[in-house]
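**Q**
Residue numbers (my numbering), protein chains in the order written: chain W, 288 to 705; chain R, 37 to 318; chain H, 333 to 614.
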């Protein structure tokens, strides 16, 4: 096992009432990493989180924390903490008591000042002996003193900009403030890993953007591992070190945001992350791909001769040129102004492309399309290839409508967990 | 997925309690109803209720009177309670709270002594009401020991149980529903008939149950207000158990009472449901 | 139409309340009567209050009533809360609805049926355990009263605790466990404080139902006489006005308690108001 791994899931399978939710999942998470589990509702991302937190025991598979198997360990004995979707603050306690809740239950090693100095010296001189001493000290524990609790609560509230709110009842706080209390409460006990279950889902757009930045800052400052669950691909792209794209209980791709965006592994990932034109193609040879009836040079190789493939071209990577210059020719059938650029739907031999460009075109214009070799991404065929089509029935409204539904679906998933 | 532990351990004691103190006693009623005194299986306990014309006549009379009185009391309660509940739901919160309190207090008082004090009021010779009427030079009223007195006793005792459920449903009614109806052109009377009334039916149904069931099975009110002249089902059952020591016949009567109550509840539910549907459609 | 309602409604409310309070006014009046005549007020006196102080039987009955109500309410709140929590966690829907229906049976059934079914159970049990064989208990007494009262209070406890449990965010308990609470500790520190109001009102409800119960007690009390049973035995003959004095005292106590709780509630609401305003400002 890799040395700086903090969490490893191996062969994890879960099903609810005979419905498989996670299928033989493998996932390794490095220490201090910001990992995002991204996927549509019902993909198993919340279930994965709950398995790590200990609220759910998998039907099969093993969970490791810091090299130790933790299957069967109840949540209150795990060194991970969770920030829940709707915060789950304790309504009968005020802000101070909410943050102090975990601290009052926390037990820390009893260390005399002399032992502390010894430990510090040993850490530099002989890390192995230091670890032995630490293990010995860990057997003798005590609760935090009132002053220590008070200090830590004050620190945490200061960190989340809620100093002065100690005595307020949590129900009198705004959504964003409640969110901060939840963060302070979870971080106060200094977990090694923080689990966040769509923590920003209930906030409005502006506040959500601010909190994204703030969460990322907190993670970097404290240097702890964040495992973040979301169905919002923008959020995932802007915050994460690593994104785990999930669907139907399986991991579709793991990679950095840039990898995931630029080199999607299959049609699902390409379709879920950002906008993509996904076309049927054939690879007659290395560095050569044929789609839309035309052969293009590309930068991919290693496919079988004449293998059928999916071709992904991002809308912003396509250049609009005069009809005579392009490799492909099409008619503009739809134009939407998006502020920075225009979004065109272009009909090329019956296939509707999406193209983003700052050039002005009108509906009915005939344009040429030019694509650079490095902008053509080739993917192996997968079971998702059949499911993705062109942009013929695309509308912004439709997507906006389907989004809130996503959140509901996630709730159902959480309920099924009970 | 592994089930949550402890669910059984948490539920078992209570389920056991329910079985021993709710289900077994009811089973005992059924058991006694079909046994004779020496413990043999028999239908005699039911047969003896209908075997002679006099017995049959008696049975029909007792059940008929019980149902009629309880039905009348329920209807009067409903007619009295609905306007009050409606008014309560539409006054300012502090008045609502005070009225709630004033209506709850009588529920906390011992109903035996309150019923008994009606005798002082209604007494045929020297009752307070008749003394007052006499002094005003009016005719004395003969109320005590009549069916009217029994129904009055029922109405008096169970009126709060009709007011409170109707009020709680009306108070929770979305004001925007009424506004929406007005916006669509409904007059106040139409709003009441087509929106408020149908939506308050669950409260009415609860109130009707809470008044009808204790009324139809009462045995004290009839005794005191009816002057021991009228026998209701409750009186009959009580005398079977506590005076005649005839558990078998008493159990048979109780079984019939239970079935009767279940039947009336079903009829009422169907009635309120169909009425609900009709009102919404019309 | 609305103007008319505004004038007539308070009048109507006052009339109905007058009807509800008339017997209590009569009780109050005759408790100060100098003679034992229940129809004519002969003159003011505290005679019957003095008489009440000498009435050992009434005092014993009062004491019995209070002891029984406190113990039955406590037991039903403990059992009912555990039952509500257990039912909340039941995953099998049919079992949940079956348990709930059985729980509600004593509430839906006519009281007299609950009473006689309990009586049959206890009499049967006494026979089965060879009369006084079991712990030397009388067939009917405090223990049967306690069991019966606890049983018919249970549905009310479940009914007022269950909604509070449903309101609780299930993640809240998980959050407590996440922060280091064992499941039991999570229940005590997070669950319990959040259903405390439901438990408190359940206790009050159980207390009043038990204090006031006559019908069921009538069948299972025998040697253990509570106040309603004592009053019932009095009304069989002629009620002595010291019972009126007792009722007046109880009435006054209830009234004071309710006014106190109303005032507290109102001031609590007022205290919450500025909080709301503060929130609106932000």
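Where a beta carbon is used, it is the ideal one built from N, C-alpha and C, also for glycine.
#1: Mind listing the chain W neighbours of residue 514 of chain H? Cutoff is C-beta to C-beta under 8 Å, in chain order.
#2: Apart from the five residues on each side of it in sequence, which residues of its chain come closer than 8 Å, Cβ to Cβ, to residue 235 of chain R?
#3: By Cβ distance, which residues of its chain are closer than 8 Å to residue 629 of chain W, with the 5 residues on each side in sequence left out?
#4: Where residue 88 of chain R and residue 351 of chain H are concerned, what is the direct C-alpha to C-alpha distance, given to the nearest angstrom?
#5: For residue 491 of chain W, which three-state DSSP category applies?
#6: How long is the line joining the alpha carbons of residue 91 of chain R and residue 289 of chain R, rounded to whole angstroms?
#7: Residue 361 of chain W to residue 337 of chain W, Cα distance in whole Å?
#8: With 16 other CB atoms within 10 Å as the buried threshold, where does residue 221 of chain R fall?
#9: Leaving aside the five residues before and after residue 151 of chain R along the sequence, list all residues of the same chain whose C-beta is less than 8 Å from its C-beta, in chain order.
#10: Classify residue 448 of chain W as buried or exposed, calling it buried when 16 or more other Cβ atoms lie within 10 Å of its own Cβ.
#11: Under a three-way DSSP split, which group does residue 485 of chain W fall into?
#12: Identify the contact partners of residue 345 of chain H in chain R, using a Cβ-Cβ distance below 8 Å as the criterion.
#13: Where does the unbroken beta strand (DSSP E) through residue 622 of chain W begin, and where does it stop?
#14: Use the C-beta contact count for residue 683 of chain W: other C-beta atoms within 10 angstroms, 16 or more gives buried, fewer gives exposed.
#15: Is there contact between the region 648-668 of chain W and the region 592-600 of chain W, where contact requires at least three CB pairs shorter than 8 Å?
#16: Going by DSSP, what residue range makes up the alpha helix (DSSP H) through residue 378 of chain W?
#17: Can you find a C-beta in chain H that's less than 8 Å from the C-beta of residue 345 of chain W?
#18: Between which residues of its own chain and residue 556 of chain H is the CB-CB distance below 7 Å, once the five residues before and five after are set aside?
#19: Check the Cβ of residue 260 of chain R against every Cβ in chain H and list those closer than 7 Å, keeping chain order.
#20: As a quick exercise: from W/387, W/424, W/296, W/589, pick the residue whose alpha carbon is nearest that of residue 401 of chain W.
#21: Is the beta carbon of residue 447 of chain H less than 8 Å from the beta carbon of residue 547 of chain H?
#22: For residue 497 of chain W, does the count of other Cβ atoms within 10 angstroms reach 16, so buried, or fall short, so exposed?
#23: For the alpha helix (DSSP H) containing residue 157 of chain R, list its first residue and its last residue.
#24: Is DSSP giving residue 483 of chain H helix, strand or coil here?
#25: I need the straight-line Cα distance from residue 352 of chain W to residue 295 of chain W, nearest angstrom please.
#26: Classify residue 483 of chain H as buried or exposed, calling it buried when 16 or more other Cβ atoms lie within 10 Å of its own Cβ.
#27: Which two residues bound the contiguous beta strand (DSSP E) that contains residue 541 of chain W?
#28: With distances taken from CA atoms, which of W/569, W/537, W/469 is nearest residue 328 of chain W?
#29: Any C-beta of chain W sitting closer than 8 Å to the C-beta of residue 523 of chain H?
#30: How long is the line joining the alpha carbons of residue 432 of chain H and residue 66 of chain R, rounded to whole angstroms?
#31: Would you list, in chain order, the members of the region 536-551 of chain H that have their beta-carbon closer than 9 Å to a beta-carbon of chain R?
#32: Which same chain residues end up closer than 7 Å to residue 331 of chain W when comparing Cβ atoms and leaving out the 5 residues on each side of it in sequence?
#33: To the nearest angstrom, how far is it from the Cα of residue 109 of chain R to the Cα of residue 183 of chain R?
#34: What are the complete beta strand (DSSP E) segments, minimum 3 residues, inside the region 407-473 of chain H?
#35: Can you give me the C-alpha to C-alpha distance between residue 454 of chain W and residue 473 of chain W, rounded to a whole angstrom?
#36: Roughly how many angstroms lie between the CA atoms of residue 597 of chain H and residue 139 of chain R, to the nearest whole one?
**A** Looking at the atomic coordinates:
#1: 361, 363
#2: 205, 209, 213
#3: 622, 623, 643, 644, 645, 646, 647, 648
#4: 44 Å
#5: coil
#6: 13 Å
#7: 12 Å
#8: exposed
#9: 189, 192, 193, 256, 257, 260, 261
#10: exposed
#11: coil
#12: 120, 123, 124, 135
#13: 615-624
#14: Since pLDDT at residue 683 of chain W reaches only 46, below the 50 mark, its modelled position is unreliable, and the value read off the structure follows with that caveat. Under this definition residue 683 of chain W is an exposed residue.
#15: yes
#16: Taken as a continuous stretch (DSSP letters only), residue 378 of chain W belongs to no alpha helix (DSSP H), as it is neither H nor E.
#17: no
#18: 396, 473, 474, 477
#19: 567
#20: W/424
#21: yes
#22: exposed
#23: 147-158
#24: helix
#25: 7 Å
#26: buried
#27: 537-542
#28: W/537
#29: no
#30: 22 Å
#31: 540, 543, 544, 546, 547, 550, 551
#32: 308, 309, 533, 536
#33: 11 Å
#34: none
#35: 19 Å
#36: 17 Å
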